[in-house]
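Novice: The listed protein sequences correspond, in order, to chains C and B. Going by my numbering, the first residue of the first sequence is number 436, and it counts up by one from there. Going by my numbering, the first residue of the second sequence is number 332, and it counts up by one from there.
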Amino acid sequence: MKRTSLLWLAINSLALAGLAVASLMITTVARAATRPHYGGVLRLAIAGPVPSLDPADATNVSGQTAIQRIAPLLFNTLTTLDERGEAQPSLALAWKSDFSSQRWELQLRPGITFSDGTLLTANAVAASLRVANPRWNVSPQGDSVIIQSDAATPELPAELALSSNSIVLREGGKLIGSGPFTAAQWGPGKSLVLSARDDYWAGRPFVDSVEIAIGRSPRDQMLSFELGRLDGVELAAEQASGAVAGGRVVNSAPDELLAIVFSRGVQSPEEGRLRQALGLAIDRNLLNTVVLHSAGEPAGGLLPNWMTGYEFLFPRSPDSQRARQIHEGINQSSAWSLGYDQTDPAARVIAERIVLNAQDAGINIRPNPAASPDAQLVRIRLVSRDAQVALSHLALMLNLATPGSQRASSQMTSSPSTADLYAVENTFLQTQCVIPLLHLRTSVALARNVHGWSEAQDGSWNLPNVWLSPEKP
Amino acid sequence: MRGKMQPTVYNSRNPRMPSRPIRRSLLFSFLLIIVSGWAAAQTPNWHVPEQQLADKISAVTGPGAISLELANRSSLTRTQAEEIHRGLLQELSSLGLRSVAPEEAAATINISLSENLREYVWTAEISQGKNEPAVVIVSLPRTSATDSGHATPSIILRRTLLWSQPGRILDAALLNGTPQRLFVLDANSVTIYQMLAGRWQPQQALAISHSRPWPRDLRGRLVLRKDHLLDAYLPGVFCTTAAGISLTCHESDDPWPLGVADPPLNAFFASSRNFFTGALTPGVGKQTSAPAFFAAAPLPRDRYTLWLFTTTDGQLHLLDGFTDQSAATDWGSEIASVHSGCGSGWQVLATAQDSDDSKNDSLRIFEVPDREPFLIGQPTEFRGEITALWPQTDGASAVAVLHDSSKGEYEAYQLTLACDQ
C-alpha cells in the first residue's frame, strides 16, 4: 500500500486508542446518584425466532430484530456507532482508505481474546468478514485487515458496525465471540443463558448472567412479567401505550418502517397514478392513533426524521378527494390483493383499515394473507443509525435496486451529504414500489429494580450497562 | 445501635412535614445563596448556512418577489430561529429577492429548520405557479456551542465550572498559586492546565499505563500532595508524579485516601469493581472495617471524627470508632464533606437516589449535628447525571463531575458552600 495514496481518517494510532477508550467511557456512563451494583440475573424475553446465534445468518429474516439484540452480547464488531450515528473504534482501533474509498485498512486492537482464550488475529477477522460478505475481498495484513470492493464504500466504517458484521470464530460448528458475555446454555429457538466475562476488554458487565426466553408471544411475555418471572419484556405496538403493573415502559426512537411494498414495478403510467392515489387515500394518522395507540409516527419517507432531518418533506397527509380525482381520471380498473403477516394481530387490522381508505377513493383492494399478493404490508427494522447504511439496507430489503436507483445508489456512496441522501430517497420513492405508512417505536417493559437500561436508536440492547438494585433490607 | 435512627428524617421533601429536622434547621440562621457558575450561552454564527441556502433558493427562483415562511422543527430556540429568519431575508435581499405579501409573490418559499443526529438540516420548499415544489437543502454540524443557551436553573450551592470535555472525567483538582493549575483525571491520562490570560491552557498530558481492562463504571481519584505534585488512584493502579513533571504508574492494591481528616483514613478499592471493599487502614478508632461502600465522608468532632459511609446495600453507616450505626436512607451513592465554616462547620453533600432513571441528578446538603442528618435548603438540580463526587485536598470544597448527555460533555465543577449572614 502506498502510504502517500492513503487518506488517514485518524491522526495516529495512539490518539485513536485514547479516543477508543474515551468513546467507550461515553457509552458506559454510570451515575453516582446510585452507583451500579454488580451481580444478579437479568431475565428477559423476546418474541422473534432465533434458530441460530450466527449474526451472519441471512436466512433468519423474521428474527432480524432478535438477533440484532442478542449478537452484541456475544460478539463485537470492528466499529460501533455513537449517539450521533458516527463510527467509533471497537475491535478496530483505526482505519484508513485510499482516495477512491475502495480499499480500506483497519488496524486491530491488540490483546483481545475470544471467550475461549484464543487471541483475536487478523486472520480470524478476515475469515469472519468473508462469511458475512462473500462479495468483499478481505485479507489479513500483519495486525490489520484489508477490505477491497469494486465500488466506493465511504460508509464502510459505519457498515462494519452492523451486527451482521460481528466478528465470529467458527470452530467445529461452534460460534465463539469476543463480546461481554458467553453462551452458557443455548436451546436453539427456545432459551439462551449468558454469563458475564470477567476478562471482557471493555469492562465486565454488571450483571452475572442474562437469561433470555426466546419465541415468546408478547402476551405470554407480559403475563410472566406481571407474575414477576421476567425483568424485561418486549411490548407489541398496541401494548406500549398502556400502564405496566410493577414496572415502567421504555420506548425507542421510531426505528421500524411499516410500509406497503408492491411485488413488481410500475407497469404503466395508469398504474403509477393508481399507486399515487392509494398513497393519498391512506389516513396514516388514524392508523397510528386508533389502531396502534400512537406507537409510531406517520411516515412519508423511508427513513424517520430523527435520522435524516428531511422526512417531513415527503407528503404523508391524506387527501381522499385528490385520490378520488386521480382514480376517476384513470380508465384502467385494477383489483389488488394486499398481503400481511397472519401471525401479527395488528397487521390484519391495519390491512383492513387500508382497504377501507382505498375504497373511499374508489380503489379496489382486498386483504389477502395468502402467498403472492400484489402488495404486501411489511415491517422492516432499520439496521443502523447511519442514514446512508440504513437506506442502503432498506433498498436491498425492499428490492428497490431498479436501474434508476442503482445510479442513485452509486451517487450516494460517493457523496453522502444530506441533500444527496434526500435525492436518493426521493428516487427510491418515485419508483412507486413502496408506500411508507408509519415509523414504529419498539418498547420494553422493565421491572423497577432494573437500572441503566439503554436502547440504541437502532433497537439493540446495551445489556453490559444494565444493573439490578438489591432488595431493600 | 442498629435501627435507632429514624430513616424518615432523610426523606423530608415535603416542606409542611412537622419534622424535627425542620425545627432544628430553624436554629441555623443561614440560607445558602444561589449562584450560577454557568457560562453565558455562546452565539453561533449562522451566516454561512444562511448564505448557502439563499444561494440555492436564488438559483431556483432568480431575482423577484417572494413570500417566505419559516418553521422551526429543531431544538433551536425561538430567538435563534428568529435570528436565522432575519439573516435569510437579508441574504435573499442581497440576491435580488424581495419579500412581499403572499398574493403578490411570484414564488412561495417554506423554510424548515430541522435536524438529525449530527446536523442541522435547513430545507426550502419553493413553489412557483402550478409546478411541483422544488426542494433545496443545506446542512451544518450540530455543535455543543449551538446546542447550549438554555436558562440556568436555580441552585443551592456555589458551583464553578472547572473544565468540560467529551471524554469521561474521573476527578479534577485545583492548585491555587501563580499561575493557577488544574489537573484533570480521565481513563488515559492526567492532563495539566495552566490559567493564562483568564483561560485554561493545556500544559501537559501525563499518560496512565495499565495492563488490565478498566472495570465498567470506572472511578479514579486525584490527591494533591505537599512533598510532590500529586497521586492518582485508579482501580488496581497507583500513579505518582516524580521529579520534574512525569507520572509513574504501577499495578497496586494500595488503599485510597478517604476525605480530609486527622488522622487520615484509607480504604482498599476492589480493583475489578466500582466500590471499596470495606477494609480500612488505619481504621476509625478501633474499627478497621465497614461494609463494602461507594463513598465516605468525615465529620470532625471535638474529640473524634465521625465517618459516614454509603454502602453498596443502599444504607448509610456512621462509624465513630466504637459503634456502627446504620439506616436505610434515600441517599445516593456519592457523598463528600465540605468545611464551610457555617453552622456546625462541616456539611455533607450527597446525591439522591434515582428512582425513575431521570436524566437529571441533584445534590443535597446535610447537617449532622449528632447522628441524625437533616436536610438544609432545597436540592440543587444538575442538568445531567453526576458521575463522580470527591472532596478536595483542602477540605473546603468538593469536585462533582456531571455528564450532560444532551451536549455529550463531561463537566467538572468545584463545589463550595457559602453562608448567608
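Heads up, the beta-carbon is just placed ideally off N, CA and C, and yes, glycines get one too.
Measuring from the CB of Thr711 of chain B, is there a heavy atom of the ligand MG at a distance below 6 Å?
Specialist: For the structure depicted, the ligand MG is absent and the ligand set is empty, with no information on it obtainable.
Novice: Check each residue of the region 730-757 of chain C: if its Cβ is closer than 8 Å to any Cβ of chain B, include it; give the result in chain order.
Specialist: Answer set for the region 730-757 of chain C: Asn740, Trp741, Met742, Thr743, Gly744, Tyr745, Phe747, Leu748.
Novice: Would you verify that the beta carbon of Pro471 of chain C is, or is not, closer than 7 Å to some beta carbon of chain B?
Specialist: By this cut-off, Pro471 of chain C is an interface position.
Novice: By the 8 Å beta-carbon criterion, what residues does the region 592-613 of chain B contribute toward chain C?
Specialist: Answer in chain order: Ser603, Arg604, Asn605, Phe606.
Novice: Measuring straight from C-alpha to C-alpha, what distance separates Ile789 of chain C and Arg783 of chain C?
Specialist: Cα to Cα, the separation comes out at about 10 Å.
Novice: Alpha carbon to alpha carbon, what distance is there between Val467 of chain B and Val379 of chain B?
Specialist: Between Val379 of chain B and Val467 of chain B, the C-alpha separation is close to 16 Å.
Novice: With DSSP as the reference, label Arg605 of chain C as helix, strand or coil.
Specialist: The answer is strand: DSSP assigns Arg605 of chain C an E or B state.
Novice: Under a CB-based cut-off of 7 Å, is Glu582 of chain B close to chain C?
Specialist: So, not an interface residue.
Novice: Between Ala527 of chain C and Leu543 of chain C, how many whole angstroms is the CB-CB distance? I'm expecting something under 8 Å.
Specialist: Ala527 of chain C to Leu543 of chain C, Cβ: 6 Å. Contact.
Novice: Distance cutoff 7 Å, beta carbons only. Does Arg695 of chain B sit that close to anything in chain C?
Specialist: Judged by the 7 Å Cβ criterion, Arg695 of chain B is not in contact with chain C.
Novice: Beta strand (DSSP E) containing Tyr524 of chain B: first to last residue?
Specialist: Counting along the chain, the beta strand (DSSP E) containing Tyr524 of chain B begins and ends at 520-527.
Novice: Going along the chain, which residues of the region 655-684 of chain B sit with their C-beta nearer than 8 Å to a C-beta in chain C?
Specialist: Listed by position, the residues of the region 655-684 of chain B near chain C (Cβ gap below 8 Å) are Ala659, Gly663, Ser664, Glu665, Thr682, Ala683, Gln684.
Novice: Kindly list, in the order they appear in chain B, the residues whose Cβ is closer than 7 Å to that of Arg519 of chain C.
Specialist: Here the neighbours are Leu448, Arg449.
Novice: Using the C-alpha atoms, what's the distance from Thr743 of chain C back to Glu691 of chain C?
Specialist: Spanning the two alpha carbons is a distance of roughly 14 Å.
Novice: For Tyr564 of chain B, report the span of its beta strand (DSSP E) as first-last.
Specialist: Taken as a continuous stretch (DSSP letters only), the beta strand (DSSP E) holding Tyr564 of chain B covers 561-565.
Novice: Output yes or no for whether 7 Å exceeds the beta carbon distance between Thr641 of chain B and Ser664 of chain B.
Specialist: In contact: Thr641 of chain B and Ser664 of chain B (Cβ atoms closer than 7 Å).
Novice: Note down, one range per segment and in chain order, each alpha helix (DSSP H) of at least 4 residues found wholly within the region 673-742 of chain C.
Specialist: Complete alpha helix (DSSP H) runs here, min 4: 704-716.
Novice: Can you check whether the C-beta of Thr514 of chain C is within less than 7 Å of a C-beta belonging to chain B?
Specialist: Judged by the 7 Å Cβ criterion, Thr514 of chain C is not in contact with chain B.
Novice: Assign Ala476 of chain B to one of two classes, buried (16 or more other C-beta atoms within 10 Å of its C-beta) or exposed (fewer than that).
Specialist: Because the pLDDT of Ala476 of chain B is 38, which lies under 50, any placement of that residue in the model is unreliable, and the question is left without a value.
Novice: Per DSSP, which residues does Gly614 of chain B bridge with? Please list them.
Specialist: Answer by DSSP bridge pairing: none, since Gly614 of chain B is not bridged.
Novice: His762 of chain C and Gly707 of chain C look like a contact to me (Cβ under 8 Å); what is the Cβ gap, rounded to whole Å?
Specialist: At roughly 13 Å, the Cβ-Cβ gap does not stay under 8 Å, so His762 of chain C and Gly707 of chain C are not in contact.
Novice: Counting only Cβ pairs nearer than 7 Å, list the residues of chain C close to Phe625 of chain B.
Specialist: What Phe625 of chain B touches in chain C: Arg470.
Novice: Using a Cβ-Cβ distance cut-off of 7 Å, determine whether Asp633 of chain B contacts chain C.
Specialist: Cβ-Cβ to chain C under 7 Å: no for Asp633 of chain B.
Novice: Grab me the residues of Ala457 of chain C's own chain with a C-beta within less than 6 Å of its C-beta, minus the 5 sequence neighbours each way, in chain order.
Specialist: Any reading at Ala457 of chain C is ruled out, since the residue's pLDDT is 39, under 50, leaving its predicted position unreliable.
Novice: Between the C-alpha atoms of Tyr473 of chain C and Trp888 of chain C, what's the straight-line distance to the nearest angstrom?
Specialist: Looking at the two C-alpha atoms, the distance is approximately 14 Å.
Novice: Can you list, in chain order, the residues of its chain whose CB lies under 7 Å from that of Asn740 of chain C, leaving out five sequence neighbours each side?
Specialist: The answer, listed in chain order, is Glu746, Phe747.
Novice: Applying the criterion that 16 or more other CB atoms from any shown protein chain within 10 Å of the CB defines a buried residue, is Asp562 of chain B buried or exposed?
Specialist: Under this definition Asp562 of chain B is a buried residue.
Novice: How big is the Cα-Cα spacing for Ser454 of chain B and Pro689 of chain C?
Specialist: Note that residue 454 of chain B is Thr in the sequence shown, not Ser. Distance between the alpha carbons of Thr454 of chain B and Pro689 of chain C: 22 Å.
Novice: Tell me the DSSP secondary structure of Lys531 of chain C in three-state form.
Specialist: Lys531 of chain C: strand per DSSP, three-state reduction.
Novice: On a CA-only basis, which of C:Gly774, C:Ile602, C:Leu856, C:Val685 is nearest Phe510 of chain C? Give me that one, please.
Specialist: When only C-alpha atoms are compared, the closest one is C:Ile602.
Novice: Tell me whether Ser845 of chain C is buried or exposed, calling it buried when 16 or more other Cβ atoms sit within 10 Å of its Cβ.
Specialist: In this prediction, Ser845 of chain C scores a pLDDT of 46, lower than 50, which makes its location untrustworthy; the coordinate-derived value is nonetheless stated afterwards. With fewer than 16 other Cβ atoms within 10 Å, it is exposed.
Novice: Which bits of chain B does Pro704 of chain C rub up against, with CB to CB less than 8 Å?
Specialist: Those within 8 Å of Pro704 of chain C in chain B number zero; the least Cβ separation is about 16 Å.
Novice: Relative to the alpha-carbon of Leu578 of chain B, which residue among B:Ala536, B:Ser445, B:Ala436, B:Tyr741 has its alpha-carbon at the smallest distance?
Specialist: It is B:Ala536 whose Cα lies nearest to the Cα of Leu578 of chain B.
Novice: Entirely within the region 750-803 of chain C and at least 3 residues each: give me those beta strand (DSSP E) ranges in chain order.
Specialist: Taking only runs of at least 3 residues, the beta strand (DSSP E) segments lying wholly in the region 750-803 of chain C are 770-774, 799-802.
Novice: If contacts are defined as beta-carbon pairs under 8 Å, then Glu661 of chain C and Ala680 of chain C qualify, I think. What distance do you get, rounded to the angstrom?
Specialist: That pair is a contact at about 6 Å.
Novice: Gly475 of chain C to Ile440 of chain B, Cα distance in whole Å?
Specialist: Near 58 Å, if we compare the C-alpha coordinates of Ile440 of chain B and Gly475 of chain C.
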